[in-house]
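In the working numbering, the protein residues as written are 19 to 210.
Shown next, in the form of structure tokens:
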């Protein structure tokens with residue numbers, strides 16, 4: 019799985035991405051609550067796509083939204099839809115920011131990172147001490163893996179079990195939330 023193939027895949031689907039269903043509001047609320055998304059915080063949304071979570075951040079009155087995505091087409095759409103967000107085109111494995119964030123959210127994107135450990139290490143640097151780092155999906159691991167095998171196998175890894183992901187996070191975070199059920203998947207840690 020190479021980054022150019024991933025970028026091209028998401029560039030192709032960017033114009034229709036907003037037609038894809040998103041998780042029920044109850045599931046998204048749980049993910050955001052567990053990820054510490056609340057009023058007056060600075061959020062970094064990694065692999066933001068077209069900004070699917072931005073309305074939920076705004077509803078919660080966050081102080082700022084910064085976002086990054088590998089696909090220039092996804093970034094273009096997100097910027098047009100949400101001019102109040104700072105959206106950049108970049109790679110989670112080596113992007114850097116001039117400030118740190120209270121929360122880093124990776125939603126519906128983690129299997130698309132070619133080197134997930136490298137992305138986690140790099141992104142941990144952009145989080146304030148005590149900040150929340152969340153990797154979540156609005157569907158079960160089983161459903162997600164099936165979808166990726168069917169339509170996105172060339173640009174996806176299998177989603178690790180929660181315990182395996184928690185081990186990847188442990189050098190940087192105290193993992194406090196691990197959920198894997200028939201409706202959602204989430205692992206959240208607090209920066210040490």
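No residue lacks a Cβ here, since even glycine has one placed at the ideal position from N, Cα and C.
Cβ-Cβ distance between residue 57 and residue 79 below 7 angstroms: Along the chain shown, one-based indexing puts residue 57 at 39. Along the chain shown, one-based indexing puts residue 79 at 61. Cβ distance < 7 angstroms, so residue 57 and residue 79 count as in contact.
Inter-stretch contact (C-beta, 8 angstroms, three-pair minimum) for the region 139-152 and the region 28-46: no
Residue 164 - DSSP class collapsed to helix/strand/coil: In the chain shown, residue 164 corresponds to position 146, counting from 1. Residue state, collapsed to three classes: helix.
Sequence ranges, alpha helix (DSSP H) only - wholly within the region 24-112, length at least 4: 43-52, 72-77, 90-99
4 or more residues per run - each alpha helix (DSSP H) lying fully within the region 117-142: Taking only runs of at least 4 residues, the alpha helix (DSSP H) segments lying wholly in the region 117-142 are 134-142.
Cβ-based burial, residue 126 [other Cβ within 10 Å; buried from 16]: For the purposes of this step, residue 126 is taken as residue 108 along the chain shown, with counting starting at 1. So residue 126 counts as buried.
DSSP three-state assignment for residue 186, whether helix, strand or coil: For the purposes of this step, residue 186 is taken as residue 168 along the chain shown, with counting starting at 1. Residue state, collapsed to three classes: helix.
Residue 21 in three-state terms, based on DSSP: As a position in the chain shown, residue 21 is number 3, starting the count at 1. Here residue 21 sits in helix by DSSP.
Spatial neighbours of residue 180 in its chain, beta-carbon cut-off 6 angstroms, leaving aside the 5 residues before and after: As a working mapping, residue 180 is identified with position 162 in the chain shown. Cβ neighbours of residue 180 beyond the five flanking positions: 196, 198, 205.
C-beta contact flag for residue 119 and residue 60 at 7 angstroms: As a working mapping, residue 119 is identified with position 101 in the chain shown. As a working mapping, residue 60 is identified with position 42 in the chain shown. The answer is yes: Cβ separation under 7 angstroms.
Buried or exposed (CB count within 10 angstroms, at least 16 for buried), residue 189: Here residue 189 refers to the residue found at position 171 when the chain shown is read from its first residue. Exposed, by the Cβ-count rule.
Residue nearest to residue 175 in terms of C-alpha spacing, selected from 115, 110, 46, 129: Position 157 of the chain shown holds residue 175. Measuring from the Cα of residue 175, the nearest candidate turns out to be 129.
Span separating the alpha-carbon of residue 138 from that of residue 83: Sequence index remark: in the chain shown, residue 138 carries index 120 (1-based). Sequence index remark: in the chain shown, residue 83 carries index 65 (1-based). If I take the Cα positions, the gap works out to 19 angstroms.
Delimiting residues of the beta strand (DSSP E) encompassing residue 156: Here residue 156 refers to the residue found at position 138 when the chain shown is read from its first residue. Secondary structure note for residue 156: it is in no beta strand (DSSP E), with a DSSP letter that is neither H nor E.
Beta-carbon gap between residue 159 and residue 177 smaller than 7 angstroms: For the purposes of this step, residue 159 is taken as the residue at position 141 of the chain shown. For the purposes of this step, residue 177 is taken as the residue at position 159 of the chain shown. Going by C-beta atoms, residue 159 is nearer than 7 angstroms to residue 177.
Residue 192, enclosing beta strand (DSSP E) - first and last residue: Here residue 192 refers to the residue found at position 174 when the chain shown is read from its first residue. First-last of the beta strand (DSSP E) with residue 192: 191-198.
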